[in-house]
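**Q**
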Amino acid sequence: GRGNSKIADHTVDSVCPYCGVGCQLTYHLKDQEILFVEGRDGPSNHNRLCVKGRFGFDYPRHPSRLTTPLIRREGVAKRLDPEFDPANPTTHFREASWEEALDMAARGLVGLKNDHGPDALAGFGSAKCSNEEAWLFQKLVRVGFGSNNVDHCTRLCHASSVAALMECIGSGVVTASFMQALESDVVILTGCNPTINHPVAATFFKQAAKKGTKIIIIDPRGQALEAYAHKTLRFTPGSDVALLNAMLNIIVTEGLYDEAYIAKHTEGFEALKTHVIDMTPEAMSYLCGISAEDIREVARLYANADKAMIFWGMGISQHIHGTDNARCLISLALACGQTGRPGTGLHPLRGQNNVQGASDAGLIPMVLPDYQPVSDAQVRSAFEELWNTTLEAKPGLTVVEIIDAITAGTIRGMYILGENPAMSDPDLDHARAALAKLEHLVVQDLFVTETAQYADVILPASAWPEKDGTVTNTNRQVQMGRAAMPLPGQAKPDWWIIQQLAQRFGLPWNYQHPRDVFDEMTKGMPSLDHISWERLEREQTVTYPCPADDAPGADVVFSDAFPTPSGRAKFSPTRPLPPDEPIDDAYPTVLTTGRQLEHWHTGSMTRRTKVLDDLEPDAVASVAPSELARLGLAPGEQLTITTRRGEITLMARVDPQMPEGMVFVPFCYAEAAANLLTNPALDPFGKIPEFKYAACRLSRPEAM
Ligand code: SF4
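So the sequence shown is numbered by the UniProt record's numbering: it starts at 231 and just counts up by one.
Listed below in structure tokens is the structure:
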């Protein structure tokens with residue numbers, strides 16, 4: 231920090247590498263090392279940073295950082311060996327030259343393709359990729375591997391929200407930035423905990439509340455923002471659809487809907503009206519645990535507001551009915567005319583710093599860049615011309631389907647860039663067994679992650695502060711990130727590594743810099759119209775869609791029409807469904823998983839950050855005080871959590887904001903991996919697993 235006797239000798243402007251808020255920041259460096267980080271005046275952060283952005287910058291220089299290509303030693307089994315030390319990987323892997331490692335990486339993949347066809351290969355890119363890296367990665371899979379088996383962690387995050395948004399309004403993007411909350415009269419936050427997961431966005435909600443915006447929090451768990459809330463509904467976990475349909479019922483029966491808006495901009499309202507008529511607040515109250523009176527009050531507040539917005543997070547999306555949850559939220563906004571104007575809108579808060587951009591750039595199995603369906607011959611032919619290739623029409627497999635296809639023996643080889651499925655996928659024993667079964671696995675990352683421990687070849691990649699590239703945040707702002715420090719050892723920029731593999735697939739790629747990739751992207755992605763690399767270098771950030779080279783982008787979209795064939799949005803009625811694995815006598819407690827403020831996703835970066843790891847060094851599970859008392863445990867004692875799939879033991883933390891009958895476990899701790907417990911059951915539309923609800927049992931650990 232600044233108290234340090236070291237004085238910075240220069241600064242580099244970039245963007246935070248953690249969450250989808252996309253805070254702009256400045257690295258202060260001396261002798262090419264980052265001394266400290268400050269917020270810049272970006273549109274989404276106004277100089278603010280949270281603890282991750284401010285302190286989470288030293289992971290690239292962690293002693294276990296990969297600096298040399300590695301090849302698995304012969305005879306070393308593919309498994310998570312408790313003896314393995316990521317700082318000393320040469321027990322299990324031998325060091326190799328780039329030439330040897332790349333040749334071996336490509337040879338294995340090409341060989342499987344030749345022997346078994348394109349369907350034998352798959353790739354996981356990452357929402358930690360820059361836009362340019364994501365573009366190159368999906369291009370390599372589509373053109374080189376020859377299939378659409380390419381996906382990334384959006385599948386585990388907002389796939390269901392995007393499925394519902396695409397179906398109902400024809401686009402997966404947010405209709406308004408979160409800064410618009412400052413203009414709103416009413417803001418609903420549901421299935422999200424912004425203070426923890428989008429901390430700087432939370433400051434905008436607090437400011438809005440101070441200005442008089444009524445904040446309504448709808449979530450089973452309590453949270454810090456409740457102190458700013460006008461109303462809080464802590465409903466029964468998994469009953470979102472019941473609660474939201476009850477709100478729609480009130481809006482319909484009390485005539486609170488916006489007739490003019492519905493007539494001009496929507497279709498299917500009459501069917502929705504009939505559909506929700508029997509889902510009265512009284513009937514739904516039994517399912518969702520909220521009184522009819524409270525449901526009525528919140529429905530009226532939202533519908534009668536001049537300007538209202540809905541924000542949501544993983545609490546909505548990570549259910550087998552995640553798409554239904556999002557459909558209900560969209561119906562609320564459409565019925566009440568709460569989109570398309572300042573202070574109104576639908577905003578699924580994006581998790582990763584570049585989950586929006588990586589999805590836009592095509593790291594999705596059923597669509598080419600900008601969500602253009604691979605099954606559409608016209609779309610394919612445009613990309614075939616751009617890339618001088620022929621493309622496969624069959625949509626590829628999603629994350630969990632790829633894991634299942636490995637188990638079934640269809641997929642035999644994989645290329646994984648920056649993702650950690652050995653920690654992030656549901657039912658980890660199953661996912662890890664699949665990774666071990668792969669005949670050839672190439673992992674490109676900063677560290678020997680849990681996933682890399684299953685690799686045949688590990689390629690040392692570039693950390694965010696070491697590379698140039700653009701990222702797109704939750705507000706549709708495309709922003710410029712800049713290299714601030716040199717790559718350590720033999721580590722290489724990710725775009726270079728992908729290109730080297732592409733060349734070994736016989737593709738004549740010759741990009742010299744991410745700028746060249748961005749230029750190509752502008753030819754295939756209408757969303758980037760009027761946004762050039764040079765413009766981003768100059769202006770730091772441009773929001774899409776953008777109407778002209780010198781115009782600002784649109785903060786609020788779909789004011790006149792929706793990007794659907796008819797220009798109208800569609801109501802999609804839903805019915806409450808039970809969770810896939812309801813609690814019962816044997817497993818009477820609800821397990822829910824998620825993030826912590828200090829740790830990011832699977833922890834591969836933040837657990838290697840000194841300040842953040844000092845703040846939260848141990849695996850913890852949060853439970854209500856009464857729950858802990860019932861088990862006869864004191865805070866800080868060990869607690870065992872068991873589901874039908876696995877068991878973990880970790881420290882118990884008392885959290886008065888937890889409801890009784892529920893336990894929360896962050897999924898960042900390898901030593902007590904939450905996903906050993908989770909249920910892989912999928913939402914049928916978004917193919918997202920039910921991370922937010924599994925039946926579990928809490929107990930004192932058995933005597934050792
Ligand atoms: Fe980074 Fe998100 Fe924190 Fe901003 S709010 S500093 S983008 S983690």
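The beta carbon of each residue, even a glycine, is placed where N, CA and C say it ideally should be.
1. Where DSSP assigns a beta bridge to Val673, which residues make up the other side?
2. Quick check on Asp724: buried or exposed, where buried means 16 or more other Cβ atoms within 10 Å of its Cβ?
3. What span of residues does the beta strand (DSSP E) with Lys461 cover, start to end?
4. If I measure Cβ to Cβ from Lys503 and keep anything under 7 Å in the same chain, skipping five residues before and after, which residues do I get?
5. Curious, which full-length alpha helix (DSSP H) runs of at least 4 residues does the stretch 349 to 424 contain?
6. Can you tell me which residues fall inside 5 Å of the ligand SF4, judged by beta-carbon distance to its nearest heavy atom, and keep chain order?
7. So, Ala411 versus Gly573, is the Cβ gap smaller than 9 Å?
8. State yes or no: is the C-beta of Tyr248 within less than 9 Å of the C-beta of Met835?
9. Roughly how many angstroms lie between the CA atoms of Met934 and Val850, to the nearest whole one?
10. Find out if the Cβ-Cβ distance for the pair Arg662, Arg309 is shorter than 9 Å.
11. Is the CB-CB distance between Val687 and Ala326 below 9 Å?
12. DSSP three-state label for Ala238, please.
13. Three or more C-beta pairs closer than 8 Å, one from the stretch 256 to 265 and one from the stretch 273 to 286: is that the case here?
14. Could you pull out every unbroken alpha helix (DSSP H) segment of at least 4 residues lying fully inside the stretch 263 to 347, listed in chain order?
15. How far does the beta strand (DSSP E) with Phe735 in it extend, from its first residue to its last?
16. Skipping 5 residues on each side, what residues in its chain have a beta carbon closer than 8 Å to that of Arg927?
17. Going straight from the alpha carbon of Val708 to that of Gln868, what length do you get?
18. Please classify residue 213: is it buried, with 16 or more other beta-carbons within 10 angstroms of its beta-carbon, or exposed?
19. Buried or exposed, going by whether 16 or more other CB atoms sit within 10 Å of the CB of Glu920?
20. Nearest-angstrom Cα distance between Asp746 and His760?
21. May I have the straight-line CA-CA distance separating His240 from Ser692, to the nearest angstrom?
22. Taking DSSP's pairing of strands, which residues face Ile448 in a bridge?
23. Would you list the one or two residues that DSSP bridges to Phe894?
24. Quick check: Thr700 and Phe748, are their CB atoms within less than 9 Å of each other?
25. Please report the straight-line C-alpha distance between Gly552 and Ser929, rounded to a whole angstrom.
26. In the structure shown, what three-state DSSP assignment does Pro756 receive?
27. Need the endpoints of the alpha helix (DSSP H) that Gln868 sits in, please.
28. Report the option in Arg530, Leu576, Cys398 and Ala535 whose CA atom is closest to the CA atom of Val786.
29. Under 8 Å by Cβ, that's how I've got Gly374 and Phe735 pegged, so tell me the actual separation to the nearest angstrom.
30. Is it right to say Gly231 is buried, meaning 16 or more other beta carbons lie within 10 angstroms of its own, or is it exposed?
31. Taking DSSP's pairing of strands, which residues face Gln729 in a bridge?
32. Under 9 Å between C-beta atoms, does Val609 make it to chain D?
33. What are the boundary residues of the alpha helix (DSSP H) that includes Pro429?
34. What does the Cβ neighbour count give for Pro657, buried or exposed, with the cut at 16 atoms within 10 Å?
35. What are the boundary residues of the beta strand (DSSP E) that Trp542 is part of?
**A** Walking through what the data contain:
1. Under DSSP, the beta-bridge partners assigned to Val673 are Ile646 and Ile688.
2. By the neighbour-count rule (16 or more Cβ atoms within 10 Å), Asp724 is buried.
3. Lys461 to Leu463 is the extent of the beta strand (DSSP E) around Lys461.
4. In the same chain as Lys503, and ignoring 5 residues on each side of it, the C-beta atoms closer than 7 Å to its own belong to Val482, in chain order.
5. Fully enclosed alpha helix (DSSP H) runs of 4 or longer: 361 to 369 and 389 to 399.
6. This criterion selects Cys246, Tyr248, Cys249, Val251, Cys253, Leu279, Cys280, Lys282, Gly283, Pro429 and Val430.
7. Their beta carbons are under 9 Å apart, which means Ala411 touches Gly573 by this criterion.
8. Taking 9 Å as the Cβ cut-off, Tyr248 and Met835 qualify as a contacting pair.
9. Note on Met934: pLDDT 49, under 50, position unreliable in the model; no value is reported.
10. It is a contact, given that the beta carbons lie within the stated cut-off.
11. By the CB criterion at 9 Å, Val687 and Ala326 fall inside the cutoff.
12. Reduced to three states, the DSSP call for Ala238 is coil.
13. Result no; under three Cβ-Cβ pairs closer than 8 Å.
14. Entirely contained in the stretch 263 to 347, the alpha helix (DSSP H) runs reaching 4 residues are, in chain order, 281 to 285 and 328 to 346.
15. Phe735 -> no beta strand (DSSP E), and no H or E assigned at all.
16. Here the set comprises Ala816, Tyr817, Pro818, Thr819, Ile871, Thr872 and Thr873.
17. One C-alpha to the other measures close to 44 Å.
18. This structure cannot speak to residue 213, because the chain is shown only from 231 to 934.
19. Answer is buried; the Cβ neighbour count reaches 16.
20. Their backbone Cα atoms lie some 16 Å apart in a straight line.
21. Answer to the nearest angstrom: the Cα atoms are 21 Å apart.
22. Answer is Thr420 and Leu463.
23. Answer by DSSP bridge pairing, in chain order: Thr822 and Ser852.
24. The beta carbons of Thr700 and Phe748 sit closer together than 9 Å.
25. So the alpha carbons of these two residues sit roughly 30 Å apart.
26. Here Pro756 carries a helix assignment [DSSP, helix/strand/coil].
27. Per DSSP, Gln868 belongs to no alpha helix (DSSP H); it is in the beta strand (DSSP E), Gln868 to Thr872.
28. Taking the Cα of Val786 as reference, the smallest distance to any Cα among Arg530, Leu576, Cys398 and Ala535 is reached at Leu576.
29. About 4 Å separates the beta carbons of Gly374 and Phe735, which is inside the 8 Å limit, making them a contact pair.
30. Summary for Gly231: the model assigns pLDDT 44, below 50, so the residue's position carries little reliability; its value from the coordinates is reported in the next sentence. So Gly231 counts as exposed.
31. The secondary-structure analysis by DSSP pairs Gln729 with nothing; it has no beta-bridge partner.
32. Protein chain content of the structure displayed is limited to a single chain, and chain D is not contained in it.
33. Here the alpha helix (DSSP H) through Pro429 covers Pro429 to Lys441.
34. The residue asked about is misnamed: residue 657 is Asp in this sequence, not Pro. Asp657 should be labelled buried.
35. Counting along the chain, the beta strand (DSSP E) containing Trp542 begins and ends at Ala538 to Trp542.
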